[in-house]
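Residue numbers for the sequence shown follow my numbering, beginning at 32 and rising by one.
Glycine included, C-beta positions come from ideal geometry on N, C-alpha and C.
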Amino acid sequence: MQPADSVQVLKKIQVAISAGSRPGQADLTGSPVFLAFIHGVASDGLSPFESAIHGRCAGDRVEVSLKTAALHEYFGHIDHAIREALILPAALETVCLAMEIVAVTDAGDREIVKAAALALAHGGCGGSCGCGCS
Numbered sequence: 032m033q034p035a036d037s038v039q040v041l042k043k044i045q046v047a048i049s050a051g052s053r054p055g056q057a058d059l060t061g062s063p064v065f066l067a068f069i070h071g072v073a074s075d076g077l078s079p080f081e082s083a084i085h086g087r088c089a090g091d092r093v094e095v096s097l098k099t100a101a102l103h104e105y106f107g108h109i110d111h112a113i114r115e116a117l118i119l120p121a122a123l124e125t126v127c128l129a130m131e132i133v134a135v136t137d138a139g140d141r142e143i144v145k146a147a148a149l150a151l152a153h154g155g156c157g158g159s160c161g162c163g164c165s
């Protein structure tokens, strides 16, 4: 049985994300960037990022190094929000991300409906952000 405060489908998750050009550095963000999303609302299942944090609790960390071209595939429906929050340099080929789960809370019904609608609309980019989902 999962703890009540663990990351589960339709829970509201807040993460702190630091981005660096090398593992262990936060030279691209300085201080962490905070992002909240509803876990597991996309119609195509959990993204690799969501799978990596599923079942984890507040305080747990995930670190990955990704080609910037793979960000959309890794983050799925929250890719657009991640890109807006991080504002990564266009010439950057690889980014090292350190992500900490800050909070896991129950999501309201309206939040879930809004997040599901946004996920169906390519994460809010409308297919025009260059993320590769169009």
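- A122 and A50 have their C-alpha atoms roughly 15 Å apart.
- Taking a cut-off of 8 Å for Cβ pairs, the segment 34-41 and the segment 104-117 do not touch, as fewer than three such pairs fall below it.
- Counting C-beta pairs closer than 8 Å gives three or more between the segment 129-148 and the segment 43-59, which meets the contact rule.
- Within the segment 77-118, the complete beta strand (DSSP E) segments of 3 residues or longer fall at 92-98, listed in chain order.
- For the pair A100 and E124, the Cα-to-Cα distance works out to about 8 Å.
- Less than 8 Å divides the Cβ of G71 from the Cβ of L77.
- Scanning the segment 34-72 for uninterrupted beta strand (DSSP E) segments of 3 residues or longer gives 42-51, 64-69, listed from N- to C-terminal end.
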